[in-house]
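Chemist:
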Amino acid sequence: KLCEGIINILEKDTKTSCQVACLEALRILSRDKKVLVPVTTKRNMQILMKLAKLDTVEDPLERVSEFPVIVEALKCLCNIIFNSSVAQKLSLELNLAAMLCNLLQECKDRPLVDDIKCFDLRLLFLLSLLHTDIRAQLRQELRGVQVLTQALECSLSVRWTEEYKAAEDRDRPPLSLQETDCAIEALKALFNVTLDSWNVHSKNESHQFRYMAAILRHCLLTMGPTEEKTEELH
């Protein structure tokens, strides 16, 4: 009943501070699989997806004041999808992966969106880990390798000297914690999406994997903010 009450409040046009508080409570509750039964309905998933700005055509990413709501909604979706097989099936029906890819593209070259990108990527990682059909959809329909590689490139601030050669600047400062976390989530999602990609057929695929290999090499030469984070990144 508590979860249902929180969802009902979130469906209304309430203040940002109230939405964040409700989402934080729901995120904590959603760690318990038994509590998730009333949450994992199509209606409730759509409410959370709307709060996460996953329909960027109808509801564009514009107001910075809404960013904390977006982040908390994405965190809730991460917990719910990780803990609920029903939510995993609904995510395919609701085309969640496509919406996450669109939001990721919407975040490109925008300031103050690192947390949104990080949890968007984490959710893509979870979907590609837990649902084989979504993994295939990402690879084949949604240009997931390209989208995720671009997200990784952006997080690492790659500069190019040649088509498949990134600039080496040994004096560059370490990545920030947010940049490192975004890069790690992109790498995890890329691993899942490319897991069955040992047989490359097209010229475009060949280009994409050479491009990705150059970014991965750059990643190995990049330092994180701490020794532990650098090890995790590598």
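Residue numbering for the sequence shown follows the numbering used here, starting at 14 and increasing by one per position.
For glycine and all other residues, C-beta sits at the position ideal for the given N, C-alpha and C.
Since the structure is predicted, the reported quantities are computational estimates derived from the model, not experimental observations.
1. Report the three-state DSSP secondary structure of K66 (helix, strand or coil).
2. In angstroms, rounded to a whole number, what distance separates the CA positions of V52 and K88?
3. Any contact of the stretch 172-182 with the stretch 117-128, i.e. 3+ C-beta pairs under 8 Å?
4. Which residue from F204, A202, H144, S168 puts its Cα closest to that of C195?
5. Once the 5 residues before and after K55 are set aside, which same chain residues still bring their CB inside 8 Å of it?
6. So, is E154 buried or exposed, given that buried needs 16 or more other C-beta atoms within 10 angstroms?
7. Could you name the residues of the same chain whose beta carbon sits closer than 8 Å to that of E79, not counting the 5 residues immediately before and after it, in chain order?
8. Which residues bound the alpha helix (DSSP H) around E192?
9. Give the C-beta separation of T235 and L188 to the nearest angstrom, bearing in mind that I take them to be a contact with Cβ-Cβ under 8 Å.
10. Pull the bridge partners of E175 from the DSSP assignment, please.
11. Is the separation between the beta-carbon of I94 and that of L36 shorter than 8 Å?
12. Report the rounded CA-to-CA distance for E75 versus I83, giving the unit in angstroms.
13. G157 and C91 - do their beta-carbons sit closer together than 8 Å?
14. Nearest to K47 by alpha carbon, out of Q59, W173, K14, K63?
15. Sort M225, I19, T27, N96 by Cα distance to L165 and report the nearest one.
16. Rounded to whole angstroms, what's the CA-CA distance from V149 to S98? Just pull it up for me.
17. Using 10 angstroms around the beta-carbon of T162, count the other beta-carbons present and answer buried if the total reaches 16, otherwise exposed.
18. Looking at the structure shown, is V158 part of a helix, part of a strand, or coil, going by DSSP?
19. Can you look up P81 in the DSSP assignment and give me helix, strand or coil?
20. Count the other CB atoms within 10 Å of the CB of S219; is the residue buried (16 or more) or exposed (fewer)?
21. Give the C-beta separation of L134 and A199 to the nearest angstrom, bearing in mind that I take them to be a contact with Cβ-Cβ under 8 Å.
22. For E75, name the three-state secondary structure that DSSP assigns.
23. For the alpha helix (DSSP H) containing R135, name the first residue and the last one.
Modeler: Short version:
1. Three-state DSSP puts K66 in coil, outside helix and strand.
2. V52 and K88: Cα-Cα distance of roughly 14 Å.
3. No, the stretch 172-182 does not touch the stretch 117-128.
4. Nearest of F204, A202, H144, S168 to C195, Cα basis: S168.
5. Closer than 8 Å at Cβ, skipping near neighbours: L103, E106, L107.
6. So E154 ends up on the exposed side.
7. Taking E79 as the centre and dropping the five residues before and after it, the same chain places the C-beta of T29, K66 closer than 8 Å to its C-beta, in chain order.
8. Counting along the chain, the alpha helix (DSSP H) containing E192 begins and ends at 190-206.
9. So it is a contact: roughly 6 Å between Cβ atoms.
10. According to DSSP, E175 bridges with K178.
11. No.
12. The straight-line gap from Cα to Cα measures roughly 12 Å.
13. With respect to G157, C91 sits apart: the two C-beta atoms are not nearer than 8 Å.
14. Closest by alpha carbon: K14.
15. Of the candidates M225, I19, T27, N96, the one whose C-alpha sits nearest the C-alpha of L165 is M225.
16. According to the sequence displayed, residue 149 carries Ala and not Val. Spanning the two alpha carbons is a distance of roughly 18 Å.
17. With a 10 Å radius around the Cβ and a threshold of 16 neighbouring Cβ atoms, T162 comes out buried.
18. Helix, per DSSP.
19. Assignment of P81 by DSSP, reduced to helix, strand and coil, places it in the helix class.
20. S219 is exposed by the Cβ-count criterion.
21. Contact flag correct, Cβ pair sits at about 5 Å.
22. E75: coil per DSSP, three-state reduction.
23. Per DSSP, R135 is one residue of the alpha helix (DSSP H) stretching across 127-143.
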